[in-house]
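Numbering (the numbering used here), first residue to last: 236 to 797. Don't be surprised by glycine CBs; every beta carbon is placed ideally from N, CA and C. Read the structure below first, then the notes.
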Ligand SMILES: [Zn+2]
């Protein structure tokens, strides 16, 4: 008689709770972990001898932007190949739902090119309908979602740069209630992006009160991660205190232009925790970001169509005005814009400019020196000639801050990436997104194996049980009988991230276009094998997760202490 569907035999078991590994066999039955026993004790219908490799809970990535790309690639290729089995989507204020017909075109414009893919039907209107669309075609991984504040705002008032009228705020609250009742885990904001940057603290507090009633959390891309980082962290903490709910500060590494290192923002988090406030942080390990040059321009430019922006940028008067706006930074813009503001042109490396010759692989600074022109003009020329197709790698984070964040007890590991694939629509042209392919293997390779920043069990805990606990995923992120069998088997000696390009960059780029990591041997999602060595099995066993329907009753202690 066979008791188990699958047995992973002869493994070094890392339970995800921060404990050192132990030798064991792990038995899976009907999607769940049924038994963990000494080596040689278990027998299954299928037995996989893992030969002493590590067996850990599948990674839980709390900060991703796969909302639409997972509809295009339900195999979740770049993600599941890293060992990730659950993703939280709807971050930085942007979820694809709710949608109001009257503002649909603005939503589509906001999401950009992916909006045009046939699998992105935009037929959903409510949050529940979007979750149904996600579930309908099957997913290789589990997905939990946040309601994006930007989406709520667009649905009610488009990109208007003003406060909502009381009636508009009430409509936003109504849409948020629908999202929470449908299973959203909380609300996210993106306070550097339009329309989030137009919202006052009071507006966010008011919406977060609705989230708090459902026991959800507030996840924030704060109002500036450079010059204003400390005020912005303080604002996120204030929102949590006023609305009485847990706060998750997203990808909180100080970006170039910040007045401090990470110890300063982390100490605000520590102080809040001492006062009894539930505040945690996530961060990824990359110091760079590959984005379109357009994205670093002031928010006022974003609403324009590309053709209009391109022709405006040919006008010296408009250039001067845009340049002044960048330096002034009135609504603190997206992190990489700090490199323009502070003239850090050697930290901007051109990745793609199909209509300009001889610029790819060079920094804006180097091109300006070569041509004897002003770097701002080089930048605007690239935009004027290439429009949206001009992309660069922005190296805007200090490695020392990444290490400090990784080691802090309130910080968990996220990717800030999304589902991509090295083929098809999502790879045409190949985006620069090392975190989408190499985040978790990269941490294990560089910050566990090569440099002892984290112990193996601590790194695994920050990728598994800590994020799972944060989002109330009670049966995931740990290896114990009864938990869902989300499992990754890996070889620490051979783990290798094939997507990261360390700064300063060499050209041709070392790991771009990106490849899948090496050393991830098996990935199971809900007990089903999805990654088998170099092969994706094609299985779609993932679930759309919903926040448990527990409404909060009593107020947490910190409110009573005020
Ligand atoms: Zn963000």
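**Request:** Report yes if the CB atom of residue 585 is closer than 7 Å to the CB atom of residue 638, and no otherwise.
**Result:** The residue you call residue 585 lines up with position 350 of the chain shown. The residue you call residue 638 lines up with position 403 of the chain shown. Cβ distance not < 7 Å, so residue 585 and residue 638 don't count as in contact.
**Asked** How big is the Cα-Cα spacing for residue 316 and residue 290?
**Response** In the chain shown, counting from the first residue as 1, residue 316 sits at position 81. In the chain shown, counting from the first residue as 1, residue 290 sits at position 55. Looking at the two C-alpha atoms, the distance is approximately 15 Å.
**Request:** Kindly indicate which residue of 342, 756 and 739 has the alpha-carbon position closest to the one of residue 246.
**Result:** On the chain shown, residue 246 is found 11 positions in, with the first residue counted as 1. Nearest C-alpha to residue 246: 756.
**Prompt:** Excluding the five sequence neighbours on either side, which residues of its own chain have a C-beta within less than 6 Å of the C-beta of residue 361, listed in chain order?
**Reply:** Taking the chain shown and counting its residues from 1, one reaches residue 361 at position 126. Counting only Cβ-Cβ distances below 6 Å, and skipping sequence neighbours, we find 333 and 413.
**Prompt:** Is any heavy atom of ligand 1 found at a distance shorter than 6 Å from the C-beta of residue 649?
**Reply:** Along the chain shown, read from residue 1 onward, the residue named residue 649 stands at position 414. No, ligand 1 has no heavy atom inside 6 Å of this Cβ.
**Span separating the alpha-carbon of residue 647 from that of residue 326** = Along the chain shown, read from residue 1 onward, the residue named residue 647 stands at position 412. Along the chain shown, read from residue 1 onward, the residue named residue 326 stands at position 91. The alpha-carbon atoms of residue 647 and residue 326 are separated by roughly 16 Å.
**Request:** Report the rounded CA-to-CA distance for residue 796 versus residue 693, giving the unit in angstroms.
**Result:** Here residue 796 refers to the residue found at position 561 when the chain shown is read from its first residue. Here residue 693 refers to the residue found at position 458 when the chain shown is read from its first residue. With a pLDDT of 49 at residue 796, under the threshold of 50, the predicted position of this residue should be treated as unreliable, though the coordinate-derived value follows. Each residue's Cα considered, the two are about 32 Å apart.
**Prompt:** In whole angstroms, what separates the C-alpha of residue 609 from that of residue 602?
**Reply:** Walking along the chain shown from the start, residue 609 turns up at place 374. Walking along the chain shown from the start, residue 602 turns up at place 367. Looking at the two C-alpha atoms, the distance is approximately 10 Å.
**Prompt:** What residue does the beta strand (DSSP E) around residue 279 start on, and which one ends it?
**Reply:** On the chain shown, residue 279 is found 44 positions in, with the first residue counted as 1. 279-284 is the span of the beta strand (DSSP E), which, as asked, contains residue 279.
**Prompt:** Secondary structure at residue 796, three-state DSSP: helix, strand or coil?
**Reply:** Translated into the one-based positions of the chain shown, residue 796 becomes position 561. Here the model assigns residue 796 a pLDDT of 49, short of 50, so the residue's position is not dependable and the matter cannot be decided.
**Item:** Test item: CB-CB of residue 766 and residue 314 under 7 Å
**Value:** Along the chain shown, read from residue 1 onward, the residue named residue 766 stands at position 531. Along the chain shown, read from residue 1 onward, the residue named residue 314 stands at position 79. Going by C-beta atoms, residue 766 is not nearer than 7 Å to residue 314.
**Cβ-based neighbour list, residue 779, same chain, cut-off 6 Å, excluding 5 preceding and 5 following** = In the chain shown, counting from the first residue as 1, residue 779 sits at position 544. Here the set comprises 366, 369, 370 and 378.
**Residue range of the unbroken alpha helix (DSSP H) whose run includes residue 621** = Within the chain shown, residue 621 is the residue found at index 386, counting from 1. Taken as a continuous stretch (DSSP letters only), the alpha helix (DSSP H) holding residue 621 covers 610-621.
**Item:** Pairwise C-alpha distance: residue 293 and residue 321
**Value:** Taking the chain shown and counting its residues from 1, the one referred to as residue 321 is at position 86. Taking the chain shown and counting its residues from 1, the one referred to as residue 293 is at position 58. Rounded to whole angstroms, residue 321 to residue 293 spans 7 Å at the Cα level.
**Request:** Using 10 angstroms around the beta-carbon of residue 614, count the other beta-carbons present and answer buried if the total reaches 16, otherwise exposed.
**Result:** In the chain shown, counting from the first residue as 1, residue 614 sits at position 379. When all chains shown are included, residue 614 counts as buried.
**Request:** Could you tell me which residues DSSP pairs with residue 725 in its beta bridges?
**Result:** The residue labelled residue 725 in the question sits at position 490 within the chain shown. For residue 725, which the question treats as bridged, DSSP gives the partners 289 and 755.
**Prompt:** Between the stretch 622-640 and the stretch 523-532, do at least 3 Cβ pairs fall closer than 8 Å?
**Reply:** yes
**Prompt:** Which stretch, first to last residue, makes up the beta strand (DSSP E) that contains residue 239?
**Reply:** Within the chain shown, residue 239 is the residue found at index 4, counting from 1. From DSSP, the beta strand (DSSP E) with residue 239 extends over 239-248.
**Message:** Buried or exposed, going by whether 16 or more other CB atoms sit within 10 Å of the CB of residue 671?
**Reply:** As a working note, residue 671 is residue 436 in the chain shown. Label assigned to residue 671: buried.
**Prompt:** Got a sec: does ligand 1 put a non-hydrogen atom nearer than 6 Å to the Cβ of residue 729?
**Reply:** Along the chain shown, one-based indexing puts residue 729 at 494. Residue 729: no, Cβ never under 6 Å from ligand 1.
**Prompt:** Cα separation between residue 629 and residue 583?
**Reply:** On the chain shown, residue 629 is found 394 positions in, with the first residue counted as 1. On the chain shown, residue 583 is found 348 positions in, with the first residue counted as 1. Cα to Cα, the separation comes out at about 5 Å.
**Item:** Neighbour-count burial assignment, residue 635, 16 or more Cβ in a 10 Å radius
**Value:** As a working mapping, residue 635 is identified with position 400 in the chain shown. The residue in question, residue 635, is exposed, as its Cβ has fewer than 16 Cβ neighbours within 10 Å.
**Where the alpha helix (DSSP H) containing residue 698 begins and where it ends** = Along the chain shown, read from residue 1 onward, the residue named residue 698 stands at position 463. It spans 691-698 - the alpha helix (DSSP H) in which residue 698 sits, taken as one unbroken run.
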